[in-house]
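Undergrad: In case it helps, my numbering puts the first sequence at residues 10 to 281.
Note that the Cβ used here is the ideal one computed from N, Cα and C, for glycine as well.
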Amino acid sequence: MPELPEVETTRRGIEPHVAGVKIKELIVRRRDLRQPVSRDIMKLVGCCILGVSRRSKYLLLSIDDGSTLLIHLGMSGSLRVSDPAEEWKKHDHVGITLASGKQLRFHDPRRFGLVLRLKGDPMEHPLLKNLGPEPLERGFTVGHLETVCAGRASAIKVVIMDAKQVVGVGNIYASEALFHAGILPQTPAAQVSKSQVGKLFASIRKVLAASIKEGGTTLRDFLNSDGQPGYFKQRLFVYGRKGEPCRKCGTSICHEVLGQRATYWCPKCQKS
DNA sequence: ACTGGCTCCTGAGGGC
DNA sequence: TGCCCTCAGGAGCCAG
């Protein structure tokens with residue numbers, strides 16, 4: 010599932026192929042994604058893509074007519090640069106043919122993704138307006154995380170996964186960051202000590218930064234593949250390792266569903 | 001303002 | 001080998 014590092018890797022991967030390039034043709038094969046693909050997307054034909062930015066797990070292609078093409082990969086989506094003549098795979102829902110002779114294809118088996126054309130300031134759009142700070146940028150600070158935790162009864166894992174507080178901490182990295190910070194995922198956020206919050210802050214950044222670095226190398230050839238993950242497996246300390254020995258102390262890793270999400274922790278390394 | 005639960009969807013994986 | 005069942009999961013939305 011594309012987490013923040015993969016979305017960023019995708020952004021870096023497609024940008025050189027699309028920035029400054031004109032859209033020649035748009036092909037929508039399935040419209041029923043999480044929200045229907047924008048009806049007015051055809052207006053983009055003849056327009057030029059200025060650049061690709063990212064906010065949270067949303068990709069934003071800025072268009073020279075002042076609009077923005079918003080793409081979210083959901084949990085099974087991918088973008089790849091292909092040859093227009095390439096056979097369409099099952100679940101290739103949208104194709105953007107470029108004047109360069111390439112074609113950007115949006116592929117999403119579970120259709121949790123989005124392809125929307127936004128008019129006006131994209132940051133004012135409801136999907137983007139109330140998002141918390143980017144974890145790797147200056148807006149995310151220890152002080153911010155302390156404020157977010159203060160007075161909240163919810164489990165710390167649920168809180169750090171809340172995009173209104175901080176974006177981009179997906180289910181995998183939430184478990185991983187809490188492991189590295191030595192905090193039990195179930196701990197009510199308000200009960201996490203100041204020093205623990207400091208450790209958690211550092212862990213979130215470290216885990217995400219390391220993963221972006223990893224994604225950059227392992228998904229290097231994603232333009233020719235379907236970009237499926239699996240590359241980070243060896244780096245995971247707890248996620249998906251129920252019953253397996255902790256990489257630090259050997260204790261069996263625990264698993265429980267918390268906030269409707271699979272959650273993993275080491276009962277010895279992590280305390281409330 | 002919070003909090004927890006439901007929902008969309010398909011493929012993977014386990015059990016038999 | 002094959003079928004059926006369950007589960008995973010981002011994130012918006014809604015009800016309490």
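Find the nearest neighbour of LEU136 within the set ARG40, HIS81 and ALA219, judged by alpha-carbon distance.
TA: Along the first sequence, read from residue 1 onward, the residue named residue 136 stands at position 127. Measuring from the Cα of LEU136, the nearest candidate turns out to be HIS81.
Undergrad: Which partner residues of VAL103 appear in the DSSP bridge assignment?
TA: As a first step, residue 103 must be located in the first sequence, where it is residue number 94. In the DSSP output, where bridge partners are listed per residue, VAL103 has VAL37 and PHE115.
Undergrad: Label GLU15 either buried or exposed according to how many other C-beta atoms from any shown protein chain fall within 10 Å of its C-beta, with 16 as the threshold for buried.
TA: Taking the first sequence and counting its residues from 1, one reaches residue 15 at position 6. That one is buried.
Undergrad: Quick one: give me the first and last residue of the alpha helix (DSSP H) that VAL16 is part of.
TA: Stepping through the first sequence from its first residue, residue 16 is reached at position 7. Residues 13-27.
Undergrad: With the cut-off set at 9 Å, would you say VAL90 and ILE23 are in Cβ contact?
TA: Taking the first residue of the first sequence as 1, we reach residue 90 at position 81. Taking the first residue of the first sequence as 1, we reach residue 23 at position 14. Their beta carbons are under 9 Å apart, which means VAL90 touches ILE23 by this criterion.
Undergrad: Could you please give the first and the last residue of the uninterrupted beta strand (DSSP E) stretch that includes ALA271?
TA: Counted from its first residue, the first sequence places residue 271 at position 262. Here the beta strand (DSSP E) through ALA271 covers 270-274.
Undergrad: For the alpha helix (DSSP H) that contains GLY152, what are its first and last residues?
TA: Indexing the first sequence from 1 puts residue 152 at position 143. 151-158 is the span of the alpha helix (DSSP H), which, as asked, contains GLY152.
Undergrad: Would you identify the three-state DSSP class for GLY110, choosing helix, strand or coil?
TA: Here residue 110 refers to the residue found at position 101 of the first sequence. Three-state DSSP puts GLY110 in coil, outside helix and strand.
Undergrad: Take MET51 as the anchor and find which of ARG43, LEU145, SER76 and ALA28 has the nearest alpha-carbon.
TA: One-based indexing of the first sequence puts residue 51 at position 42. Measuring from the Cα of MET51, the nearest candidate turns out to be SER76.
Undergrad: Quick check on the burial criterion: 16 or more other C-beta atoms within 10 angstroms. Buried or exposed for PRO144?
TA: In the first sequence, residue 144 corresponds to position 135, counting from 1. Classification for PRO144: buried.
Undergrad: Let me know the beta strand (DSSP E) ranges lying completely inside the segment 131-208, each 3 residues or longer, listed in chain order.
TA: Complete beta strand (DSSP E) runs here, min 3: none at all.
Undergrad: Which residue marks the beginning of the beta strand (DSSP E) containing SER71, and which one marks its end?
TA: Translated into the one-based positions of the first sequence, residue 71 becomes position 62. Note, SER71: beta strand (DSSP E), 67-72.
Undergrad: Which residue marks the beginning of the beta strand (DSSP E) containing ASP261, and which one marks its end?
TA: Here residue 261 corresponds to residue number 252 of the first sequence, with the count starting at 1. According to the sequence shown, residue 261 is Ser rather than Asp. First-last for SER261: undefined, no H or E at that position.
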